[in-house]
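Residue numbers (this note's numbering): 271 to 711.
Don't be surprised by glycine CBs; every beta carbon is placed ideally from N, CA and C.
This is the structure:
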């Protein structure tokens with residue numbers, strides 16, 4: 271078994287992070303399957319509704335990433351300092367706090383769902399579909415938050431393969447119930463939402479059952495007191511990932527508004543296909559970053575700076591190779607993937623293929639920014655991590671999607687992500703160069 275204290279070559283890094291990569295890819299794939307069934311079995315308007323309301327749901331659910339990434343850094347650092355019991359207490363506090371937070375956010379999310387959908391331009395049947403899909407999913411929000419959180423913490427507990435198993439179980443649940451509820455029973459949007467909610471229940475509850483008893487990992491749920499200082503450190507350090515996800519969701523709303531101007535429901539549907547497929551591709555970068563973060567945090571806590579330098583150098587090389595592969599895949603699979611979702615509508619297919627051909631250039635740059643943000647989170651530098659995420663997912667994106675369509679119209683919308691990711695990669699390189707002496711890498 272690979273341990274956090276080991277020396278990591280490229281091969282060992284890939285073996286250790288592989289379960290996290292596959293785990294996040296699989297999470298993305300079962301979201302894609304949800305979209306496939308809605309688009310092909312329910313219709314274009316319900317498919318547009320799912321894509322329109324999804325950023326709202328993601329804003330609420332991504333609190334789990336804040337607790338997971340910020341907690342992973344603090345817990346791994348605490349273990350690196352030899353304080354295993356303290357690490358268990360911090361772990362337990364985070365799980366209890368995030369579960370309570372999920373209940374509160376679910377109630378607030380349902381109350382503000384209809385106004386939020388209306389604000390994004392939904393009306394008539396599109397609005398009603400947004401509300402139906404949103405309410406059912408929000409009922410499972412506490413487990414959705416826990417699922418995101420545990421995806422980060424399984425690697426910290428030195429159980430990445432178990433995390434993969436839980437994610438596969440949740441994904442199979444979603445895909446199987448989609449086929450049953452939507453494909454066979456023809457329950458439409460209600461069936462798709464129910465399938466997603468039940469899969470989130472599996473993804474959040476199964477880890478609770480595992481960590482709630484004695485196990486073979488380095489972590490489990492124990493009694494703990496309230497530690498406001500630790501909670502603040504986790505939330506501050508994980509704020510970059512929270513900001514990243516909130517920003518992406520807000521930007522998606524802005525994209526939807528711009529696309530309604532230039533292409534109507536077809537533009538929203540095409541953007542939905544891009545987001546589904548992009549989630550799978552970006553999951554490679556995010557999965558590697560999530561998997562490598564505990565290793566980086568552990569060696570930073572142990573003050574093993576030589577290993578830290580090696581981890582950064584090897585990780586940048588791995589991310590570079592992944593970037594080239596993702597770009598090549600995006601260019602090659604643009605039409606086949608578009609046909610899978612919207613082959614029933616020639617005009618929508620044309621828009622989607624064109625969009626994907628432009629959008630896939632972003633994969634050349636996004637990996638560097640995603641890893642850079644995660645790297646600084648692992649070092650406990652939440653401010654730098656948050657700045658990279660904030661600039662990439664909000665500032666650069668908003669500027670690009672506001673300005674570029676004035677020049678290239680609909681093509682400018684698709685090119686916005688490419689421009690913002692390229693700028694974010696440049697900023698990441700500057701931060702890595704400027705902070706190398708402070709963190710001894």
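Inset, instruction - Please name the residue, chosen from 671, 680 and 708, that lies closest to residue 523 on a Cα-to-Cα basis. - result: Of the candidates 671, 680 and 708, 671 places its Cα closest to the Cα of residue 523.
Legend entry - Residue closest to residue 665, alpha-carbon to alpha-carbon, out of 427, 519, 462 and 704: Checking every option, the nearest Cα to that of residue 665 belongs to 519.
Legend entry - Secondary structure of residue 485, DSSP reduced to three states: Residue state, collapsed to three classes: coil.
Legend entry - the region 644–656 in contact with the region 611–622 per 3-pair CB rule at 8 Å: These segments do not touch.
Inset, instruction - Following the continuous alpha helix (DSSP H) through residue 243, name the residue where it begins and the one where it ends. - result: Given a span of 271 to 711 for the chain in the structure shown, any question on residue 243 remains unanswerable.
Inset, instruction - Might you give, ordered along the chain, the residues of its own chain that have their beta carbon closer than 8 Å to the beta carbon of residue 468, omitting 5 neighbours on each side? - result: In chain order, 410, 443, 444 and 447 place their CB closer than 8 Å to the CB of residue 468, counting only its own chain and leaving out the 5 sequence neighbours on each side.
Inset, instruction - In angstroms with no decimal places, state the Cα-to-Cα distance between residue 531 and residue 525. - result: C-alpha separation (whole angstroms): 10 Å.
Inset, instruction - Kindly confirm or deny that the region 494–508 and the region 339–356 touch, where touching means at least three C-beta pairs closer than 8 Å. - result: With the cut-off at 8 Å, the region 494–508 and the region 339–356 touch.
Legend entry - Between the CA atoms of residue 372 and residue 332 - distance to the nearest angstrom: Roughly 10 Å between the two C-alpha positions.
Inset, instruction - For residue 542, collect the residues of the same chain with a Cβ closer than 6 Å to its Cβ; drop the 5 residues on either side in sequence, then sort them by chain order. - result: 321.
Legend entry - Selected residue, minimal CA-CA separation from residue 673, among 686, 662, 661 and 663: In terms of CA proximity to residue 673, 686 leads the group 686, 662, 661 and 663.
Inset, instruction - Starting from residue 505, trace the alpha helix (DSSP H) both ways and give me its first and last residue. - result: Segment 498–507, the alpha helix (DSSP H) holding residue 505.
Legend entry - Own chain, CB closer than 8 Å to residue 464, minus 5 neighbours either side, in chain order: Its chain contains 406, 447, 451 and 457 as the residues whose beta carbon lies nearer than 8 Å to that of residue 464, once the 5 sequence neighbours on both sides are disregarded; these appear in chain order.
Inset, instruction - Decide yes or no for the touch test of the region 475–492 against the region 424–431: beta carbon pairs closer than 8 Å, at least 3 of them. - result: Enough Cβ pairs lie closer than 8 Å, so yes.
Inset, instruction - On a CA-only basis, which of 582, 597, 676 and 638 is nearest residue 279? Give me that one, please. - result: Of the candidates 582, 597, 676 and 638, the residue whose Cα lies closest to the Cα of residue 279 is 582.
Inset, instruction - Count the other CB atoms, across all protein chains shown, that sit within 10 Å of the CB of residue 667; report buried if there are 16 or more and exposed otherwise. - result: Buried.
Inset, instruction - Output the distance between the C-alpha atoms of residue 276 and residue 654, rounded to the nearest integer angstrom. - result: Each residue's Cα considered, the two are about 27 Å apart.
Inset, instruction - Would you mind stating whether residue 369 and residue 323 have Cβ atoms separated by less than 9 Å? - result: With respect to the 9 Å criterion, residue 369 and residue 323 are not classified as neighbours on the basis of their beta carbons.
Legend entry - Beta-carbon spacing of residue 350, residue 274 below 9 Å: Going by C-beta atoms, residue 350 is nearer than 9 Å to residue 274.
Inset, instruction - Report buried or exposed for residue 374, applying the criterion of at least 16 other Cβ atoms within 10 angstroms of its Cβ. - result: Per the 10 Å Cβ criterion, exposed.
Inset, instruction - Determine, using beta carbons only, whether residue 315 and residue 395 come nearer to each other than 9 Å. - result: It is a contact, given that the beta carbons lie within the stated cut-off.
Inset, instruction - Note down, in chain order, each residue of its chain lying with its Cβ closer than 7 Å to the Cβ of residue 438, except the 5 sequence neighbours on either side. - result: Only 296 meet the Cβ criterion.
Legend entry - Close beta carbons around residue 558, own chain, < 6 Å, minus the five adjacent residues each side: The residues 287 and 291, in chain order, have a CB closer than 6 Å to that of residue 558 in the same chain once the five nearest residues on each side in sequence are set aside.
Inset, instruction - Apply the 10 Å Cβ neighbour rule to residue 354 and answer buried if 16 or more other Cβ atoms are within range, or exposed otherwise. - result: Under this definition residue 354 is an exposed residue.
Inset, instruction - Out of 547, 561, 309 and 578, state which residue places its alpha-carbon closest to the alpha-carbon of residue 707. - result: Of 547, 561, 309 and 578, the residue nearest in Cα terms is 578.
Inset, instruction - Within the same chain, show all residues whose beta-carbon is closer than 8 Å to that of residue 455, passing over the 5 residues directly before and after it, in chain order. - result: Excluding residues within five positions, the ones whose Cβ falls inside 8 Å are 461.
Inset, instruction - Note down, one range per segment and in chain order, each alpha helix (DSSP H) of at least 4 residues found wholly within the region 516–576. - result: Secondary structure remark: continuous alpha helix (DSSP H) runs of at least 4 residues inside the region 516–576, in chain order: 534–571.
Legend entry - Rounded distance between the beta-carbons of residue 634 and residue 593, thought under 8 Å: That belief holds up - the Cβ atoms of residue 593 and residue 634 are roughly 5 Å apart, short of 8 Å.
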